[in-house]
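Undergrad:
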Amino acid sequence: MSERKQSHRKVKLWETEKLPIYQHKEKLVQAIKNTSCLVVTGETGSGKTTQLPQYLHQAGFCKHGKIVITQPRRVAAITVAQRVSQELGCSLGSEVGYQVRFDDCTSKDTVIKYMTDGCLLREILADPELKQYSVVILDEVHERSLNTDILLGLLKNKFLQARGESSSRKVPAKIVVMSATLETNKLSVFLGDCPVFTIPGRMFPVSEMFCNFIGPKDTESSVYVKEVVKMALDLHTSEPAGDILVFLTGQSEIEKACDMLYERAESIHYPYDVHDRSVEGLLILPLYGSMPTDQQQMIFQSSPAGVRKCVVATNIAATSLTIPGIRYIVDSGFVKQLNHNSRVGLDVLEVVPISKSEARQRAGRAGRTSSGKCFRIYSREFWEKCMPDYTVPEVQRTSLTMVILTLKCLGVHDVIRFPYLDHPEEKFILAALKQLYQCDAIDRRGQVTRFGQLIVEFPLPPNLTRVLLKAAAHQCEELLLPVAAMLSVENIFIRPGHPEKQQEAELKHKQLATEAGSSNDFAVLLSVFEKCRASESPSAWCRENWIHWRAIKMAFSVEKQLTEILTRLKQNPDFPVEKFDGHRSELLRRCLCSGYFANVARRSVGRTFSTMDGHGSVVHIHPSSTLFEQEAKLEWILFHDVLVTSRIYVRTVCPIRYEWVKDLLPKLHEVEAHELSSVAREEVTDKEITKWETKEALKRGVATEDALKK
Ligand code: CDP
Ligand code: MG
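Residue numbers (my numbering): 193 to 902.
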C-alpha cells in the first residue's frame, strides 16, 4: 500500500469514530447476532450505510457469505462503495464492490457488496434463497422505492416462512432493514414485530424561512431556477461561513443554475460585497445522478481555505448522500418524480411540488454539525395549498409491470394479496397484468409464458426486450441492439445554455439527422451510434458533433452486455427464427412495432395525433424530433416516450405503416384486465395456490404425493 493511501486511511478512520453510530457499535452487532431480523433507524448521516457493513465484517459475518446492502439510487451505491473501500484501504472491486445495472464492479474476493435494489431483485430470480449472502441489508427503506418495497415483501415471506418451519431448513440470511427515522414502528410490525435498534441522533436547530418568491402558480422551471440562484448569491454575500446546498429538480435545471451562478459570482465586487471575508470565494458544484463518479466524489472533499462551497443537487442529497459542512439550504420546493399518468396510460417523469415531510428532511441537512438555516423560495400559501403531507410511495404511483412479472417468475402468483407495505390500488395491478398479457409475457390464466421468462432475463422494459427478441428472430439484431442501448442511457444530444452555441449544436444535430437518411428518430440514434463507433477518435467525434461522449460510451458498454445476453439465449435450440425480407429502414421499424404497438398513434386534426391504446389521448410531436413540422406528411406513427406539459408530447418518433400493427392492435383490447387476475382472485386462487404450494413443498421434500391429489 502506498504511503499516500495509508495517511489517507488514518484521517478517514479518525473521522468515522466521530459518527453517531460508532458509540453503539458493540450493541448493534450484538443485536444482529441475537435476532434474524432487525430494523435499524437513525438520522441521515449517522453512519448506517458506510459503517454497519464494516462492523459486521469485523465481527466475522463474512465467514459464511457476503454482506449485501441495497440502495435505491445507483449513484449512492457507487459512491458509498468507493468511500468504504477507501476507509478499509482496499481497491474498489476487491473486498468492497458495487453492482448496478450495466456495471458490475465486484470480484470473487468481494465480501461487502453495495447494490441497487433493482439488481438484487433480479438476482433473486437466479438465486431465490440468496444463498451467497450471510447478511442482507435493505437500506434507505424510508425512500419507499418500488424495488425496495417489493424486496421487503419477499424477505418478509421468506423470513416468516423460515420461522414456521423450525429446523428442517437452513435459517435464512440475517435481514437488516435500515431507515431514517420514519415509520419504524410500521416496519417492525410488518416484519412480524421484529426488534428496532435506534441510533440516537444529534441534530442542531435549523431555522426555516419562507421567502415568498414563488406562489402556487409558478411551476415554470425558468422561474424557480432564477430564484434559487438569486437566493444562493444573497446568502453567500450576507451570511457567515458555512457551505450551501441548493435543491433543484434535474440535470438541465442544475446545469442552468450553475452557469448562472458562475456568471454572477464573477461580478461580485470583492471584498466589499461579501459580509464574511473569511469565505470570499465561491466553489460551485453540481450533483446529479448521471454525473461521472469522480466528479461526484469532489462533493465530499472539504472546500479550500477562504472558499465557500455551493452544491446544486437533485434529491440525491436529501437522504442517500450526506455532504459534510452544509449550514445553509436553499429549497426550490420541487422534485422530478416518475408518476403514472392516467391521461396517457404511461409513466411520465414530471416536476411536482415536494411533500411537507420531504421539505423538513431537506431543511434537516443544514443541522448536522452546527445550527443552520433553510431558505424556502416558496410562500406559505404554496406550502399549504400545493404540498402534500407525505410523499406517496412509488408502488402506489408508477407502473408495476416489471415487478409483477418478477413476482410471478418467483412463484408469487397471487400478486394482489402479496404483502405490500402499502397496498397499491388494484387497478394498477390489473393494468400491469394487462400489459404483460399484451406483450405475451403471461397467458390468459396469468401464468408466465416462455417469452415472459425471456423478458425477465433482460435488464430492459418489456417492450424494448420484445423488440430485441423480434430482431434476433429476424437475424437483424445489429440494427436494434444499438437502438436499445441508446434508449437506455441519458440523452446523448448536448444542449448548451449559450444561445450562439445552442445554434451551432442544433445545426450539427440537424446534419446528423440528414445523414441518417430517413425521417426517423430511432434511425438517427442508430446512425449516431454507428458513426461514432466507426470514427477514428470517438471522443473527438462527439466533441465536434455536440454529442455527450460519456453517454455514448455507456451505450457502447450497454450494447455489448445486451449482445452477450442475446447470444446466450440464441444458443438455445428452441429460439424462434422467422424469415423476413426488407430493407434496413423497414426492418428496423417493423421490429419496433412488435414491441411498441401500445405506443402507436394516428393523425387526427391539424398537427395532432390520437393514440390507439384505448385512452385516445391527443398528442403532439415534440420539437426535438426530426418529424416535427412534418406532421402533414404522416398518418401512423410510433413513439418511445411521452412528455407532459400543458400538452402531451411524444418523443423519439418514427413513421410506420398500418399493416405492420394491424394484427397487433386488437391485442390491446382483447381481454379485460380483471379476467387476467383470475389466479389472484379468492375463489380460484385458494385452490390453485394450495396446489402450487404443495407442488413446491414436494420439490423440497416436505409433502407427500397424496397431499397433491387432494
Ligand atoms: O447512512 P447514513 O445516512 O446514516 O450515513 P452514511 O451515508 O454512512 O454517512 C456517514 C458519513 O460518511 C457522512 O458524514 C458522509 O458525509 C460521509 N460520506 C463521505 O464522506 N463520502 C461518501 N461517499 C459517503 C459518505
Ligand atoms: Mg444511508
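We put the CB at the ideal spot given by N, CA and C, even for glycine.
For clarity, every value in this text was computed on a predicted model and none was experimentally measured.
Apply the 10 Å Cβ neighbour rule to M401 and answer buried if 16 or more other Cβ atoms are within range, or exposed otherwise.
TA: Exposed, by the Cβ-count rule.
Undergrad: Whose CB is closer than 5 Å to a heavy atom of the ligand CDP? List the residues in chain order.
TA: Cβ atoms closer than 5 Å to the ligand CDP belong to T236, G237, S238, G239, K240, T241, T242, T271, R275, F492, T514 and P516.
Undergrad: I'd like to check one pair, L477 with V499: are the Cβ atoms closer than 9 Å?
TA: Not closer than 9 Å, so no.
Undergrad: Would you check if the distance between the CB atom of T302 and the CB atom of K348 is smaller than 9 Å?
TA: Against a cut-off of 9 Å, the Cβ pair of K348 and T302 comes out as no contact.
Undergrad: Would the beta-carbon of S727 be found less than 8 Å away from any heavy atom of the ligand MG?
TA: No, the beta carbon of S727 sits no closer than 8 Å to any heavy atom of the ligand MG.
Undergrad: Give the secondary structure of F831 by DSSP, where H, G and I count as helix, E and B as strand, and everything else as coil.
TA: Of the three classes helix, strand and coil, the one that applies to F831 here is strand, per DSSP.
Undergrad: Quick check: the Cα distance between E875 and E867, rounded to an integer number of angstroms?
TA: The predicted position of E875 is uncertain, since its pLDDT is 37 and thus under 50; a value taken from the coordinates is nonetheless stated next. When rounded, the distance between both Cα atoms is 13 Å.
Undergrad: Measuring CB to CB, does F396 end up less than 9 Å from S591?
TA: The answer is no: Cβ separation not under 9 Å.
Undergrad: Roughly how many angstroms lie between the CA atoms of S815 and L440, to the nearest whole one?
TA: Checking the displayed sequence, the identity of residue 815 turns out to be Pro instead of Ser. Rounded to whole angstroms, P815 to L440 spans 25 Å at the Cα level.
Undergrad: Tell me which same chain residues have a C-beta within less than 8 Å of the C-beta of T641, skipping the five on either side of it?
TA: Cβ neighbours of T641 beyond the five flanking positions: D632, A633, I634 and D635.
Undergrad: Tell me, please, which residues DSSP counts as bridged to R794.
TA: For R794, which the question treats as bridged, DSSP gives the partners S802 and W828.
Undergrad: D606 to I316, Cα distance in whole Å?
TA: In a straight line, the C-alpha of D606 is about 18 Å away from that of I316.
Undergrad: Determine the DSSP secondary structure at I546, reduced to helix, strand or coil.
TA: It is coil, neither helix nor strand.
Undergrad: Do the segment 830 to 845 and the segment 761 to 772 meet, that is, are 3 or more Cβ pairs less than 8 Å apart?
TA: Segments in contact, no.
Undergrad: By alpha-carbon positions, which one of E864, Q529, I684 and L671 ends up nearest to T755?
TA: Checked all of E864, Q529, I684 and L671; the closest Cα to T755 is L671.
Undergrad: Is the CB-CB distance between V267 and S512 below 9 Å?
TA: For V267 and S512, yes; Cβs fall inside 9 Å.
Undergrad: Indicate, with yes or no, if the ligand MG has a heavy atom lying under 8 Å from the CB of S512.
TA: Correct: S512 has its Cβ closer than 8 Å to the ligand MG.
Undergrad: Got a sec, what are the start and stop residues for the beta strand (DSSP E) A505 sits in?
TA: From DSSP, the beta strand (DSSP E) with A505 extends over V499 to A505.
Undergrad: Please list, in chain order, all residues of the same chain as R892 whose beta carbon is under 6 Å from its beta carbon, the five residues on each side excluded.
TA: At R892, the pLDDT of 43 sits below 50, so the modelled position is not reliable; the number obtained from the coordinates is stated separately. Nothing meets the Cβ criterion.
Undergrad: Do three or more CB pairs link the segment 280 to 298 to the segment 207 to 215 at distances below 8 Å?
TA: As far as the Cβ criterion goes, the segment 280 to 298 does not touch the segment 207 to 215, which means the pair count is below three.
Undergrad: Among L437, Q627, R794 and V675, which has the Cα closest to the Cα of V595?
TA: Nearest option by C-alpha distance: Q627.
Undergrad: Within 8 Å: the Cβ of D301 and any heavy atom of the ligand MG?
TA: For the ligand MG, not one heavy atom lies less than 8 Å from the Cβ of D301.
Undergrad: Would you call the segment 574 to 581 and the segment 305 to 316 in contact, with 3 or more CB pairs under 8 Å?
TA: Flag = no, the segment 574 to 581 and the segment 305 to 316 do not touch.
Undergrad: From this set, S494, E412 and I569, which residue's C-alpha is nearest K528's C-alpha?
TA: The option with the nearest alpha carbon to K528 is E412.
Undergrad: Could you tell me if Y570 is buried or exposed, where buried requires 16 or more neighbouring beta carbons within 10 angstroms of its beta carbon?
TA: Buried.
Undergrad: If you draw a straight line from the C-alpha of V845 to the C-alpha of Y520, how long is it?
TA: So the two alpha carbons sit approximately 44 Å from each other.
Undergrad: If we ignore side chains and look at the alpha-carbon of each, how far apart do H532 and I621 end up?
TA: About 12 Å.
Undergrad: Given that a residue counts as buried once 16 or more other Cβ atoms are within 10 Å of its Cβ, and exposed if not, what is K225?
TA: Exposed, since its Cβ has fewer than 16 Cβ neighbours within 10 Å.
Undergrad: Say yes only if the C-beta of M490 is nearer than 8 Å to one or more non-hydrogen atoms of the ligand MG, and no if none qualify.
TA: Incorrect: M490 has no Cβ contact closer than 8 Å to the ligand MG.
Undergrad: Which of the three DSSP states, helix, strand or coil, is assigned to T241?
TA: Helix.
Undergrad: Count the other CB atoms within 10 Å of the CB of S238; is the residue buried (16 or more) or exposed (fewer)?
TA: It is buried - the Cβ of S238 has at least 16 other Cβ atoms within 10 Å.
Undergrad: Between which two residues does the alpha helix (DSSP H) carrying Y629 extend?
TA: Looking at the DSSP string, the run of the alpha helix (DSSP H) that includes Y629 is E618 to Q630.
Undergrad: Grab the span of the beta strand (DSSP E) containing C846 for me, first residue to last.
TA: Element bounds for C846: I840 to I848.
Undergrad: How is the alpha helix (DSSP H) around E736 delimited, first residue to last?
TA: From DSSP, the alpha helix (DSSP H) with E736 extends over P730 to N737.
Undergrad: So F439 is in the beta strand (DSSP E); what residue range does that whole segment cover?
TA: D435 to F439 is the extent of the beta strand (DSSP E) around F439.
Undergrad: Could you pull the start and end residues of the beta strand (DSSP E) that H701 belongs to?
TA: Segment P691 to E707 is the alpha helix (DSSP H) holding H701; no beta strand (DSSP E) there.
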